[in-house]
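Asks:
Protein chains: 2
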Amino acid sequence: MTAMNTQQQMMEQMGQWRITVWEEEHYQGRRCEFHNMECQNIMDREFQKIRSIKVESGAWVGYEYPEFQGQQFILEKGDYPCYESWSGNCGYRTEHMLSFRPIKCANHSDSKISLYECNNFQGGKFEMCDDYPSLQAMGWCSKEVYSMKVNSGAWVAYQFPGYRGYQYIMERDRHQGEYRNYNEYGTQAQTNQIQSIRRIQH
Amino acid sequence: MTAMNTQQQMMEQMGQWRITVWEEEHYQGRRCEFHNMECQNIMDREFQKIRSIKVESGAWVGYEYPEFQGQQFILEKGDYPCYESWSGNCGYRTEHMLSFRPIKCANHSDSKISLYECNNFQGGKFEMCDDYPSLQAMGWCSKEVYSMKVNSGAWVAYQFPGYRGYQYIMERDRHQGEYRNYNEYGTQAQTNQIQSIRRIQH
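As you go down the protein sequences, you meet chains A and B in turn.
Under my numbering, the letters of the first sequence match residues 186 to 387, in that order.
Under my numbering, the letters of the second sequence match residues 186 to 387, in that order.
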């Protein structure tokens with residue numbers, strides 16, 4: 186592919202991210218639209234918090250705190266009428282989402298990630314290019330993953346089987362795709378527990 | 186395939202379902218193992234409720250109430266230390282799971298389901314044989330699905346994008362695979378809202 190083609194493709198991709206957020210549940214009250222840009226702190230727009238969301242296009246990641254800190258929430262195209270619809274984690278209810286940003290994804294079929302049994306990409310390794318609602322059903326012998334390397338695309342890893350619990354967004358384009366231990370999975374990560382994982386797609 | 190082979194295969198499959206349930210969180214207190222059989226009411230085993238689960242093999246579906254009534258919970262191989270880990274629905278916390286049963290799945294690549302825009306398999310139709318974390322991203326124009334027909338395998342449909350909210354188990358081997366309106370999705374279903382759907386696998 187020529188440089189021109191690559192740039193064209195990137196420009197086309199740049200049109201892909203659109204999200205609308207509301208201050209109240211069920212799309213009521215103050216609202217704000219974002220196209221192709223991140224929001225470091227919704228409180229700068231005089232929001233107290235975000236209570237409902239519509240993703241019109243692209244994939245986004247929301248964060249509990251300003252500047253992309255705290256719990257992470259994968260947001261794909263669709264309607265999110267209340268906090269519960271995007272949190273997916275019932276155990277820990279702060280009900281905040283204060284910053285968010287677009288995610289770049291690979292073509293769905295090109296996504297690739299490696300999981301490791303030990304920190305720093307040591308120990309047994311498994312390469313994946315598909316979605317796994319249960320890593321243990323796939324043959325991973327533990328309920329924990331100690332490090333991960335994203336070779337291509339963007340992924341979301343989950344604490345529990347069936348895409349439940351804490352969500353961790355893993356991207357080729359951030360962090361150089363390298364997550365050496367659970368501290369690098371996210372600022373809210375407190376354990377290595379990862380039991381399901383899937384690709385993110387537009 | 187000969188009848189003998191089919192029977193052999195079924196016998197092999199019959200060995201596939203194993204689950205252990207505990208009365209307390211984090212695998213403490215009274216425990217009970219089930220192999221290849223359903224449990225209509227865990228209170229018959231002198232449990233008050235189930236507070237943690239390990240699925241050793243196969244896919245299972247748990248229910249809020251006895252005799253497979255109320256909220257449904259897909260349970261795939263892995264560790265579920267507390268109610269929050271299998272509920273995935275933060276909006277509605279009864280914290281009960283009182284009955285459960287094994288699910289028969291197709292080979293993962295053979296699963297097929299049709300979604301319809303209207304009740305009773307009327308209106309626009311979409312045939313799927315893959316997982317979709319966002320039906321809207323796939324081209325489905327609404328946040329609702331009015332009827333579904335399972336041609337093969339077993340599926341789980343969700344209220345919100347990204348496999349969140351209420352879970353509805355849809356099977357070829359129950360209900361003749363036919364779900365004519367949301368009342369047939371499950372006893373807890375109160376709307377047609379379905380925004381993500383995926384195959385169930387062993």
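Ideal Cβ placement from N, Cα and C applies to all residues, glycine included.
Every value quoted in this text rests on a predicted model; they were computed, and no experiment measured them.
Could you tell me if Ser332/A is buried or exposed, where buried requires 16 or more neighbouring beta carbons within 10 angstroms of its beta carbon?
Replies: Flag for Ser332/A reads buried.
Asks: Identify each residue in the region 317-349 of chain A for which the Cβ-Cβ distance to at least one residue of chain B is less than 7 Å, and report them in chain order.
Replies: Against chain B - using a Cβ distance shorter than 7 Å - the residues of the region 317-349 of chain A are Pro318, Ser319, Gln321, Ala322, Lys328, Phe345, Pro346, Gly347, Tyr348 and Arg349.
Asks: Thinking just about the alpha-carbon of each residue, which of Met222/B, Asn226/B, Asn304/B and Tyr250/B is nearest to the one in Ala244/B?
Replies: Comparing Cα-Cα distances from Ala244/B to each of Met222/B, Asn226/B, Asn304/B and Tyr250/B, the minimum goes to Met222/B.
Asks: Would you say Gln380/B reaches chain A, if we count a Cβ-Cβ gap shorter than 7 Å as a contact?
Replies: Yes, contact with chain A.
Asks: With DSSP as the reference, identify every bridge partner of Arg357/B, one or two as the case may be.
Replies: Partner(s): none; Arg357/B has no beta bridge.
Asks: Does DSSP classify Arg236/B as helix, strand or coil?
Replies: Of the three classes helix, strand and coil, the one that applies to Arg236/B here is coil, per DSSP.
Asks: Which class does Gln257/A belong to by DSSP, given the choice of helix, strand or coil?
Replies: Three-state result, Gln257/A: strand.
Asks: Do we get a CB-CB distance below 7 Å when we pair Ile259/B with the residues of chain A?
Replies: By this cut-off, Ile259/B is an interface position.
Asks: Buried or exposed, going by whether 16 or more other CB atoms sit within 10 Å of the CB of Met313/A?
Replies: Under this definition Met313/A is a buried residue.
Asks: Just to make sure I have the definition right: I need the residues of chain B whose C-beta is within less than 9 Å of the C-beta of Lys234/A. Which are they?
Replies: Near Lys234/A there are no residues of chain B at all, since even the closest Cβ is about 16 Å away, more than 9 Å.
Asks: For the region 233-240 of chain B and the region 262-271 of chain B, state whether three or more C-beta atom pairs, one from each stretch, are separated by less than 8 Å.
Replies: Flag = yes, the region 233-240 of chain B and the region 262-271 of chain B touch.
Asks: With H, G and I counted as helix, E and B as strand and the rest as coil, what does DSSP make of Ser299/A?
Replies: Note: Ser299/A maps to strand in three-state DSSP.
Asks: What residue from Gly350/A, Glu329/A and Val335/A has the CA that sits closest to Asn377/A's CA?
Replies: Among Gly350/A, Glu329/A and Val335/A, the Cα nearest to that of Asn377/A is on Glu329/A.
Asks: How about the region 247-259 of chain A and the region 280-296 of chain A: do they share at least three Cβ pairs that are nearer than 8 Å?
Replies: Yes, since at least three Cβ pairs between the region 247-259 of chain A and the region 280-296 of chain A fall closer than 8 Å, the two stretches touch.
Asks: According to the Cβ coordinates, are Pro318/A and Glu261/B closer than 7 Å?
Replies: Cβ distance < 7 Å, so Pro318/A and Glu261/B count as in contact.
Asks: By a C-beta neighbour count over all protein chains shown, 10 Å radius and 16 as the cutoff for buried, is Ser270/A buried or exposed?
Replies: By the 10 Å Cβ count, Ser270/A comes out buried.
Asks: Using C-beta distances below 8 Å, list every residue in its chain close to Ser381/A, excluding the 5 sequence neighbours before and after it, in chain order.
Replies: Only Tyr317, Pro318, Ser319, Leu320, Ala342, Tyr343, Phe345, Pro346, Gly347, Tyr348 and Arg349 meet the Cβ criterion.
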